[in-house]
Amino acid sequence: MSDGRTRLFGDPQLDLFGRAIEEPQLDLEALGALAARLPKALRFGTSSWTFPGWAGIVYRERYRNEKAFVRESLREYARHPLLRTVGIDRSFYGPLTAKDYQHYASLLPADFRCVQKVWSAISTRVFASGDARGRVNPSFLDLDLLESVLRPLREARFEPHQGPILVCVPPAPGPVNADGFARVVARFLEGAPRDFTFGFELRDVRLLSPQYVDALGAHGGVHVFNYWERMPQLAEQRARIGVLPGPLVVRLMIPPGEQYAKQKALLEPFDRLAAPQPEMRAQTVALIQEFSDLDRDAYVIANNKAEGCSPLTVRAIAESLTRS
2 MSDGRTRLFG
12 DPQLDLFGRA
22 IEEPQLDLEA
32 LGALAARLPK
42 ALRFGTSSWT
52 FPGWAGIVYR
62 ERYRNEKAFV
72 RESLREYARH
82 PLLRTVGIDR
92 SFYGPLTAKD
102 YQHYASLLPA
112 DFRCVQKVWS
122 AISTRVFASG
132 DARGRVNPSF
142 LDLDLLESVL
152 RPLREARFEP
162 HQGPILVCVP
172 PAPGPVNADG
182 FARVVARFLE
192 GAPRDFTFGF
202 ELRDVRLLSP
212 QYVDALGAHG
222 GVHVFNYWER
232 MPQLAEQRAR
242 IGVLPGPLVV
252 RLMIPPGEQY
262 AKQKALLEPF
272 DRLAAPQPEM
282 RAQTVALIQE
292 FSDLDRDAYV
302 IANNKAEGCS
312 PLTVRAIAES
322 LTRS
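Residue 198 in our numbering sits at position 197 of the sequence shown, with consecutive numbering throughout.
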């Protein structure tokens with residue numbers, strides 16, 4: 002099975018044997034008509050965007066090579082009628098530079114918003130590996146470190162493209178102190194800059210306490226509803242969280258009970274809906290409808306490992322939403 006590289010990379014006119022290459026076709030008219038029926042405050046997107054398997058699904062241009070594709074494809078991604086946001090995942094592994102933000106801004110239309118993860122040095126509560134395994138991270142939710150991460154964003158004047166900033170709290174070994182966690186969240190949100198929205202994505206259900214919900218509500222934080230291997234279903238999270246002020250943020254990643262490595266091996270090259278999740282879609286639609294009725298912004302980010310191809314997951318949810 003091709004991963005799309007032969008359709009995306011190389012001479013835009015000729016293949017290796019000198020024959021003209023037929024360009025993949027996207028029904029942009031139908032996608033545009035579907036997008037026009039969606040709530041105006043709803044932004045669909047995907048978790049990162051540089052997947053050659055999306056040739057003919059998102060991408061139809063030809064790129065000189067994979068390096069050019071990685072550098073330039075966000076421009077084409079942002080022209081897709083259904084994709085009005087994107088998850089920037091690389092920021093979890095290290096802070097972006099002002100040059101990074103300036104480059105992204107040069108590729109994006111004015112109304113496009115990015116949902117990026119904060120650096121893991123800030124969001125990791127307890128170290129899960131290495132010599133420090135089991136130790137509390139002294140930089141967890143450190144406001145000075147946060148400011149050093151936000152500084153390049155401000156220098157690049159990227160704020161018009163910035164959506165919610167996600168604090169993804171990875172699972173950790175050992176017991177948890179849910180009350181203590183909630184107090185740290187409250188202190189972080191109280192001191193964090195007010196010109197950004199911060200969403201907390203928990204990967205350990207033991208941290209999802211009433212005190213955590215109170216901390217978010219008191220200080221303008223957002224809970225990220227995540228469809229993930231060790232978290233409850235979206236509907237159960239909604240029942241425990243209630244409706245807080247602020248936007249809806251949903252991240253559809255890995256079906257509960259499954260694992261990252263297994264899903265990746267099963268679903269690559271991410272060019273089809275190999276494992277549809279109808280209950281996930283239905284619960285996502287219910288959340289979107291509820292927040293739309295409240296006149297709230299909504300960001301829904303899909304990962305390839307949820308069903309096999311995140312742009313097609315987005316389209317399926319959009320079609321379901323317009324039918325309901």
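Using N, Cα and C, we set each Cβ at its ideal position, and we do this for glycine too.
Which runs of the alpha helix (DSSP H) at least 4 residues long sit entirely within the stretch 26-65? Give them in chain order. 29-37
Assuming I166 and V119 make a contact with CB atoms under 8 Å, what is their CB distance in whole Å? 6 Å
Taking the alpha-carbon positions, what's the P248 to D101 distance? 26 Å
Going straight from the alpha carbon of G131 to that of V206, what length do you get? 24 Å
Taking C-alpha atoms, which residue in R188, R38 and C169 lies nearest to V1? In the structure displayed, the chain extends from 2 to 325; residue 1 sits before or after that span and is not available.
In angstroms with no decimal places, state the Cα-to-Cα distance between D90 and Q117. 6 Å
Within the chosen definition, does the stretch 275-282 reach the stretch 47-63 through at least 3 CB pairs nearer than 8 Å? no
To the nearest angstrom, how far is the alpha carbon of Y78 from that of N304? 15 Å
Strand pairing of N227, partner residues [DSSP]: R252
Around the Cβ of A183, are there at least 16 other Cβ atoms within 10 angstroms (buried) or fewer (exposed)? buried
Could you tell me the boundaries of the alpha helix (DSSP H) in which E308 lies? N305 to E308
Just the Cα atoms here: how many angstroms apart are R297 and A42? 7 Å
Would you list, in sequence order, the uninterrupted alpha helix (DSSP H) runs of no fewer than 4 residues that lie entirely inside the stretch 196-227? 211-220
Distance check for G5 and E23, CA to CA, integer angstroms please. Because E23 sits at a pLDDT of 44, beneath the cut-off of 50, its placement in the model cannot be relied upon, and the following sentence gives the value as read from the coordinates. The alpha-carbon atoms of E23 and G5 are separated by roughly 13 Å.
Taking the Cβ atom as the reference point for each residue, do Y228 and M254 lie within a distance shorter than 8 Å? yes
The stretch 287-297 / the stretch 235-251 touching (three or more Cβ pairs under 8 Å): yes
C-alpha distance - V185 paired with F199, whole-angstrom precision: 14 Å
CB of G95 within 8 Å of CB of G135, strictly: no
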